[in-house]
Structure formats: structure tokens, C-alpha cells
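Numbering (the numbering used here), first residue to last: 29 to 566.
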């Protein structure tokens, strides 16, 4: 039986709309799970809750935990904000609002140059006012495309103007939960408030110190705004980190707030270290390979996958991997990720199924539900049969032919770019590894952004050289201090540190690669010079 803290109990037992401020390792997923299970016990069979998470993986995890031991979550929705907007609001109601036939539309993650030409200006994260003033969004839809970044704004438009959509949401759902609220955009925030205004009990969960997606248009201010709205939302704090060693908690806390109170920690048991390694990141890879091997021998770690190497830049983690003398898993962007269209998404999931990162065919069907609705000329049994056969094909030509056939079954016609990407992947052992389950004997190497939501016994945090991290640009004079994204970079540093359970090593190399690709002697990062961190590391 799980033993809840007093903070967790208060949040679980409160029945109204609320804000939960949750630090890393605080057990927020457990709290959300427990609230959903309690709520759904008392709902009629036709009703459920909306549970929105930041990633598909975290959504699947929450769904599984809520359904554990056969618990019936009724008609609940588990998924990302984009999948909710698309499947619950846009697909059922957009034709009534904009006309046209949604079944003829393709979803695009990244606009090509022609699609960008529909709009009067460049949009990063479109808002409702953007949709209302720019006919480009509606024209793009009528020409057969829906841009994923505009989903929340389009869904908000529909909910504002469609009584049928409002009635559907109120009849189908009793509560809405949104996790990682610090990373919501303006349109997502306003959509949450609109759902609240419809009468659903609304729960936002987040941590302003973990806001790392400002470049996508997200703003932690929206979480703060809700926290200050005490008349409509009651605030709860879950601020005890159960994951990390006290010394790691102390270091991260002082990074976020120089006046933060410190936990009691013996000076001889500080687990945050700073190390200067000679050479470049490739040389560092050799050194940390040796460290990892020694830790395995002395029992510090039980397997290589307990160790994560984190860097700010994609180029940094690739260079680090080049120097590794032991097995590793490099989490980098694949050629399919860079395309960002329905075909590349399908191919990516088929690759994950072929190499067993995805276990079941149903996972693929659930994820591509929208395209199944739009594909009128296939039987679900035939689709399952063809996906299952993927694991039996070994030649590149046979795999690619099967992928093309499955794309055709889902009414995806143009596969050329994704075909080229598959050829690159299947000819690269390192890229294929992106679609295999993690092996225990592989050190994990990834960017700080990709580490969000994960935890490791030992974290080695790289790129801690001036100019590398935080991001710095030249001022009028070369020595001018200019950090254009310091708040976001501080949050990203905080996220990296708090991935560590037992030990966090902050690493600077004596050489850094500059923007022209040349190696220069490095200086310590701004983060390594903060006075409030003195005495909190070894």
C-alpha cells in the first residue's frame, strides 16, 4: 500500500478546481492517478475525465496506472493536448464551422514553404486572434491540410462558437487534468479556462522552474496566473523531492532560488561534483567510459543504463558519443523526425514495432486513429495482418515495400521523403538503435530537453563552458555579457540536475567547439560562478 505524504493527501482529497505545484521527484503522477481513480469510481458509464500529458509516453504510463487491477476509467480520455483537440473537438465539429470534409485532410507537423505562404505572417504558436484575423488557416484546411501547431487555437475557436461542441464536452467529461502546465501556450491556456467555464472541475499541475519550451511559445506565467486566481482555483504544493539525494536537492533548489532553505546534509556526503576534463568532448567520452567501468566493478551502479550523459546541444552529445569506449544509446533526432508529416510519423511507429520498442499493434492503431477514420477502403484485420508481418521481413527492399503498402492502406500517398529516410536509417546501426528497447548495458546519452521526465542513478551534465551554456551572444563589445535566454537555460540546467538520484557530476572540458567549428580554450560557465552554490558541491 502506497504511503502518501500529508501534502499528497491534501491534494488527492480536495474535490474542487485546483493548481498543484509539484517539484521534481514529488510523486505528482501518483497524485494525479489517485485522483482520477477516485473520481471515475463514482462516474456513470458514459462519462469520464480528460487527462492531458505532455508526451504520448507519459500518457500511456498514466493510463496504465489508472487502469491497474482492472479499474474502470469509464469514458476517460488519455493523451496529449494535440490529440485531444484533434479527436475530441476538431474532427467532430470543424466541418460544421468551416465546412469542407475533414476526412480529406492531412496533418502536418512542419509547414513546407508552400504551406507557409498561406499566412500573412510567421506563427510559432498560433492564438485564437491569429485564427480570426488570418484566412490562411481556413484556406489551408480547405486545401487539405491541418497544421498541428494550430490545433489548440482551432479547438478554442470551435468551443467558443459551437453550442454542440460545448454540450458534448459537458456531457462526456466531468474533470480536466493538464500536466506540465508550465509549458502551455496562450491558446492551450485559454482552452483550459474555456473548459473550466463550461463547468468541468479543472486541475493544472506544473512547476515554473521546469519551464523549458519557451522557444515553442510556452509561458510559465500562465501557471502563475492560475495560482494567483484564488477565487476559482485552490493552490496546493507538493514540494518534497523523494527521488534525489538531499545534496542534489539543495544544489538545484539554490539554483532556482538563491534564498531557498537547505535540507540537512553531511558535508562528507555531498553528491554533487564539479570536474574539469582535459581536451574536447570526444576526450571526455573516453574518461567517463572509464569511470563507468569502475563504478560497475565497485558496485556504485548495477548496470550501465543507470548512467546518463546530458548535454545542451545535439552536436555535443554526438561528439561525446564518438569518444565512448563502452556501449551507449544515443538519443538523437532521426531522419524521420526531421520530416514531421503523417507518413514519417507512421514509418517511425512501424520501425518501433519492427524492432520491438513498441510491443503491440494496438499502440500503432490507437496513435493513428485519425487516419483510420479517414481511410475508407480497408479492413482492420487486414491492417493488423500487414503490420504483424513487418517483423518477418529482413531485406531493406522488403521492409520498405511493406511500409509503402501500409501507408497506402491509410490513404497516405506521397511517401518519397520518408522512403529516403528509411533507407538512411536501415543502413545505420546507430539510427536503428533509436527504435530498439534500451539495453541495461548501454550508457544513455541525450540532450537536456530529452531528459525531461526521466531519472538516472548517476547524471553527468556537460556543456558547462562559457558560450556553450547558458546561450550567450556577442554584445557591442566582445566581452559584453549577453544571455538572451537565461531564464529558460536556468530551468534547463535545473531539469538536468534533478534527473539525478544518487550522484550528479557537472563537467567542463578545457576545449570547447565554437560556432565556426574550431576548438578554443574554455572558461567556466556562468552557472559555475554563482555564489549561492558555493559549499554545495565537491
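Glycine is no exception: its CB is placed at the ideal position from the N, C-alpha and C atoms.
Since we're looking at a predicted model, the values are computed, not measured.
By alpha-carbon distance to residue 311, the top candidate from 285, 342, 348, 440 is 348.
For residue 269, the three-state secondary structure derived from DSSP is coil.
Three or more beta-carbon pairs separated by less than 8 angstroms are not found between the region 483 to 497 and the region 442 to 456, which leaves the two stretches without contact. In this structure residue 411 is buried. Its beta-carbon is surrounded by 16 or more other beta-carbon atoms within 10 angstroms. The Cβ neighbour count for residue 247, taken over all protein chains shown within 10 Å, is at least 16; the residue is labelled buried. If the five residues before and after residue 150 are omitted, its C-beta is found closer than 6 angstroms to no C-beta atom of its own chain. The straight-line gap separating the alpha-carbon atoms of residue 41 and residue 60 is approximately 11 angstroms. DSSP places residue 200 outside any beta strand (DSSP E); the residue lies instead in the alpha helix (DSSP H), whose first and last residues are 191 to 200. DSSP lists 136 as the bridge partner or partners of residue 175. Going by beta carbons, residue 139 and residue 102 fall outside the 8 angstroms limit.
Beta-carbon to beta-carbon, residue 524 and residue 489 are separated by about 5 angstroms, close enough to satisfy the 8 angstroms threshold. Residue 375 sits in a helix when the DSSP states are folded into three classes.
Between residue 443 and residue 280, the C-beta spacing is not below 8 angstroms.
DSSP, reduced to helix, strand and coil, places residue 434 within a helical segment of the structure shown. When Cβ pairs closer than 8 angstroms are counted between the two stretches, the region 299 to 306 is seen to touch the region 528 to 540, the count reaching three or more. Between residue 196 and residue 167 the beta-carbon gap is near 27 angstroms, outside 8 angstroms, which marks them as no contact. Residue environment analysis places residue 31 among the exposed positions, since fewer than 16 neighbouring C-beta atoms fall within 10 angstroms of its C-beta. Residue nearest to residue 383 within the set 193, 462, 278 is 462 (criterion: CA-CA distance).
Rounded to whole angstroms, the gap between the alpha carbons of residue 132 and residue 375 is 20 angstroms. Scanning 409, 439, 378, 467 for the CA closest to the CA of residue 427 turns up 378. With contacts defined as CB atoms closer than 8 angstroms, residue 200 and residue 45 fail to qualify as a contacting pair.
Within its own chain, the residues whose Cβ lies closer than 7 angstroms to the Cβ of residue 363, once the five positions on either side in sequence are excluded, are 449, 452, 453, listed in chain order.
DSSP lists 231, 262 as the beta-bridge partner residues of residue 46. Apart from sequence neighbours up to five positions away, the residues of its chain that approach residue 202 with a beta-carbon distance below 8 angstroms are 67, 71, 75, 76, 77, 228, 229, ordered along the chain. Look at residue 69 here: in three-state DSSP terms it is helix.
Counting C-beta atoms within 10 angstroms of its own C-beta, residue 192 has fewer than 16 neighbours from the protein chains shown and is therefore classed as exposed.
Inclusion of residue 56 and residue 266 in the CB contact set at 8 angstroms is warranted, their separation being smaller than that value. In the three-state DSSP reduction, residue 420 falls in the helix class (H, G or I).
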